[in-house]
Amino acid sequence: MWDERYSTDDYVYGTEPNDFLREHAGLIGEAPKRVLCLADGEGRNGVYLSGLGHWVTSVDASSVGLRKAAQLAEEKGVALTTLNADLTEHEFLPGTFDAVVSIFCHVPAAGRPHMHRQVIRALRPGGVLILEAYTPDQVPRSTGGPNTPDRTPTAAELNEAFAEMAIELSRECEREVVEGRGHSGLGSVVQFIARKR
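When you line the sequence shown up against this note's numbering, it's residues 19 to 215, in that order.
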């Protein structure tokens, strides 16, 4: 599905970074830091962070999306490592990253516990998770996101999944999300920041 969605000349979600990430990118720390971007698709967030001087690995299930991410990085004159992987199965090396960025990463509920454990595993002590996703309340809207609640987390789920971390922000809210033609209007989101102890 994602290969098909990304098989266009334009960037489905634009080339600018997510607003929530831009607002909180300073929490990653002084560059260069090692950053993992989950479900980074066509690379807008990874390329942005690379432009700040970080060493970024963008992981996605779509090889087509990642090719566009590499193209965007080349156009912007930054380095980007790409990894084609299924986040519901892939295992990361422990203590590899200073930050994990998860922006609109929507995988089935059955695969999320594994992914959440891998986020904790991949982070170094003191490393930060910056996450924004659509909630189940988004499903009936026509402004983007999954068409099934199975792929949308809640703040309560994230609080439980990352309870061993120091949670700095956990909230559900509505906000305007305008990112290319893929996200285009008022959205119901969960915003979550936590740091590994």
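Cβ atoms here follow ideal geometry from the backbone N, Cα and C, with glycine treated the same way.
- Residue range 173-179 is occupied by the alpha helix (DSSP H) that includes L176.
- A distance below 8 Å separates the beta carbons of I211 and L147.
- DSSP, reduced to helix, strand and coil, places A212 within a strand of the structure shown.
- By the Cβ test, the region 23-34 is in contact with the region 80-94, since at least three Cβ pairs between them sit closer than 8 Å.
- Counting along the chain, the unbroken alpha helix (DSSP H) around P131 starts and ends at 130-140.
- The continuous stretches of beta strand (DSSP E) do not include A43, and DSSP gives it neither H nor E.
- Rounded to whole angstroms, the Cβ separation of T106 and G71 is 31 Å, and the two are not in contact under 8 Å.
- Within the same chain, Cβ atoms closer than 8 Å to the Cβ of L204 are found at R159, T161, E192, R193, E194, V195, the five residues on either side in sequence being excluded.
- Annotation for R62: the continuous alpha helix (DSSP H) segment containing it runs 62-69.
- Per the Cβ contact rule, the region 35-47 is not in contact with the region 82-89 (fewer than 3 Cβ pairs under 8 Å).
- Judged by DSSP secondary structure, E192 falls outside any alpha helix (DSSP H) and instead within the beta strand (DSSP E) spanning 184-197.
- A straight-line Cα-Cα distance of about 5 Å links R139 and P112.
- Residue nearest to Q209 within the set D37, E197, R52 is D37 (criterion: CA-CA distance).
- DSSP places P154 in the helix class (H, G or I) of the three-state scheme.
- In the DSSP secondary-structure assignment, N102 is bridged to D78.
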